[in-house]
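Numbering (this note's numbering), first residue to last: 529 to 959.
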């Protein structure tokens with residue numbers, strides 16, 4: 529274990545506020561890092577916030593000590609030690625040994641050594657750790673405190689667990705083949721077998737992904753298909769406003785193979801990723817059926833399209849705006865440590881929703897979704913839109929397992945599903 533390298537990286541993320549590569553790129557965290565160092569680093573990133581709450585209980589002065597020379601590195605080393613002890617089930621003798629050496633020799637924060645030993649001696653088993661820090665989480669100034677108040681049934685530990693792995697597979701023959709080859713690797717199936725939860729990815733699964741025969745997509749996102757079945761429309765023109773990286777766009781194409789799709793996003797790099805994913809699954813976005821455009825939906829500017837006849841004449845519009853990602857923290861552990869400008873984010877969502885709605889034809893539908901479990905981004909956002917736009921009505925759709933809200937339905941984070949929100953709106957025919 530290269531503790532100094534790990535500690536420096538964690539210090540950059542926690543205290544220097546440097547950006548972190550996406551979790552999907554964890555294998556390329558740093559060139560030359562071995563597997564164990566990468567695994568441990570991501571484990572600490574995932575658990576850093578609850579570990580900080582534990583320190584608030586056992587050593588309240590730790591936040592002030594960060595300003596002391598080299599102390600931030602020492603605190604990061606203590607995070608690593610606590611993570612190994614509580615979640616890695618390492619022996620306390622082993623953890624104390626390397627931590628003392630790191631603090632005294634490598635990091636030169638000798639004053640922290642006796643304090644760290646006392647803290648480690650009080651570290652609980654993982655089985656009771658979450659109950660110990662639950663009240664601390666509710667009293668913290670973290671945005672997670674609001675989520676716990678907003679969602680009383682939220683299991684706190686799920687936010688810091690390993691993300692579930694799901695694939696989407698539309699071919700019945702391939703579903704059977706995967707079931708046979710990956711039998712021991714399958715945890716569950718859903719959506720008639722087209723959604724498969726795996727324990728881990730394998731070379732075979734990766735080869736199917738690269739060949740475009742499957743996609744990696746959480747079951748919560750795949751449930752969009754059930755919503756489309758519930759509203760029972762056959763749209764001619766579909767608009768996906770914040771389409772990249774393309775998971776829901778591909779789902780829309782597969783569900784409505786004869787519809788015209790207009791896919792937009794603000795970010796040019798993300799649009800390139802979208803096009804790459806379309807090509808990977810065999811969807812040729814150069815055809816007249818699909819149009820990919822860069823557009824900023826936060827403004828009221830006109831969507832520049834080569835197919836002007838379609839403008840403001842969409843039967844179905846999907847709005848999946850930027851959100852806090854509070855339902856997918858397991859995929860982005862660094863987001864747990866960051867503060868969010870929720871007011872600015874909620875205003876962005878409101879602007880996107882308002883502007884996108886103007887492109888729905890009378891009688892057409894708009895589906896609003898986020899990977900957030902924050903009511904301000906979800907049902908309150910929809911409630912405000914409905915109250916300000918009398919030409920729109922909320923359509924109640926019920927799906928098994930989802931919590932019905934006044935305006936929409938919520939999938940709380942579970943052991944197998946990401947947190948997700950959906951709401952269906954319809955523009956009145958006489959609007």
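The beta carbon of each residue, even a glycine, is placed where N, CA and C say it ideally should be.
All figures in this text were calculated on a predicted structure; none of them were measured in a lab.
Asked: Measuring alpha carbon to alpha carbon, tell me which residue in 955, 731, 658 is nearest residue 614.; Found: 658
Asked: By the DSSP assignment, the alpha helix (DSSP H) with residue 805 in it spans what residues?; Found: 796-808
Asked: For the stretch 888-897 and the stretch 816-834, state whether three or more C-beta atom pairs, one from each stretch, are separated by less than 8 Å.; Found: no
Asked: List in chain order: all unbroken beta strand (DSSP E) runs of 3+ residues lying wholly within the stretch 739-788.; Found: 765-768
Asked: Starting from residue 936, trace the beta strand (DSSP E) both ways and give me its first and last residue.; Found: 936-939
Asked: Taking a contact to mean a Cβ-Cβ separation below 8 Å, would you say residue 609 touches residue 583 in this structure?; Found: no
Asked: Can you tell me whether residue 823 is buried or exposed? The criterion is at least 16 other CB atoms within 10 Å of its CB, across all chains shown.; Found: buried
Asked: Any chance the stretch 758-772 sits against the stretch 930-949, with 3 or more Cβ pairs inside 8 Å?; Found: no
Asked: Which stretch, first to last residue, makes up the alpha helix (DSSP H) that contains residue 574?; Found: 563-586
Asked: Is it buried or exposed for residue 553, if we count other Cβ within 10 angstroms and need 16 for buried?; Found: Confidence is the limiting factor: at residue 553 the pLDDT is only 42, short of 50, which leaves the residue's position unreliable and the question unanswerable from this model.
Asked: Are there 16 or more other CB atoms within 10 angstroms of the CB of residue 840, so buried, or fewer, so exposed?; Found: exposed
Asked: Give me the Cα-Cα distance between residue 862 and residue 716, rounded to the nearest whole angstrom.; Found: 28 Å
Asked: Take residue 634 as the anchor and find which of 940, 694, 531, 722 has the nearest alpha-carbon.; Found: 531
Asked: Quick check on residue 639: buried or exposed, where buried means 16 or more other Cβ atoms within 10 Å of its Cβ?; Found: exposed
Asked: What is the DSSP secondary structure of residue 732, reduced to helix, strand or coil?; Found: helix
Asked: Using a 10 Å radius around the Cβ and a threshold of 16 neighbouring Cβ atoms, would you call residue 965 buried or exposed?; Found: Given a span of 529 to 959 for the chain in the structure shown, any question on residue 965 remains unanswerable.
Asked: Ordered along the chain, which non-local residues of its own chain (more than five positions away) have a Cβ less than 7 Å from that of residue 853?; Found: 860, 863, 899, 900
Asked: Would you kindly work out how many angstroms separate the C-alpha atoms of residue 721 and residue 703, rounded to a whole number?; Found: 7 Å
Asked: Return yes when the Cβ of residue 743 is within less than 8 Å of the Cβ of residue 706, no when it is not.; Found: no
Asked: On the CB-based measure, 16 or more other CB atoms within 10 Å of its CB, does residue 556 come out buried or exposed?; Found: Because the pLDDT of residue 556 is 46, which lies under 50, any placement of that residue in the model is unreliable, and the number read from its coordinates should be weighed accordingly. It counts as exposed.
Asked: Over what stretch of residues does the alpha helix (DSSP H) that includes residue 908 continue unbroken?; Found: 907-916
Asked: Have a look at 939, 817, 710 and flag the residue whose alpha-carbon is nearest the alpha-carbon of residue 787.; Found: 817
Asked: Roughly how many angstroms separate the alpha carbons of residue 866 and residue 880, rounded to a whole number?; Found: 24 Å
Asked: Taking contact to mean at least 3 C-beta pairs separated by less than 8 Å, is the stretch 909-928 in contact with the stretch 748-755?; Found: yes
Asked: With a CB to CB cut of under 6 Å and the five nearest residues on each side skipped, what residues in its chain are close to residue 746?; Found: 694, 946
Asked: To the nearest angstrom, how far is it from the Cα of residue 897 to the Cα of residue 625?; Found: 49 Å
Asked: DSSP beta-bridge partners for residue 793?; Found: 822
Asked: Would you report the Cα separation of residue 740 and residue 781, rounded to the nearest angstrom?; Found: 14 Å
Asked: Residue 718 bridges to which residues according to DSSP?; Found: 723
Asked: Helix, strand or coil: how does DSSP classify residue 884 here?; Found: helix
Asked: Can you check which of these residues, 599, 649, 827, is closest to residue 1026 by C-alpha distance?; Found: Since the first and last residues shown for the chain are 529 and 959, residue 1026 lies out of range.
Asked: Mind pulling the alpha helix (DSSP H) runs of 4 or more residues that sit fully within the stretch 671-711?; Found: 671-678, 700-709
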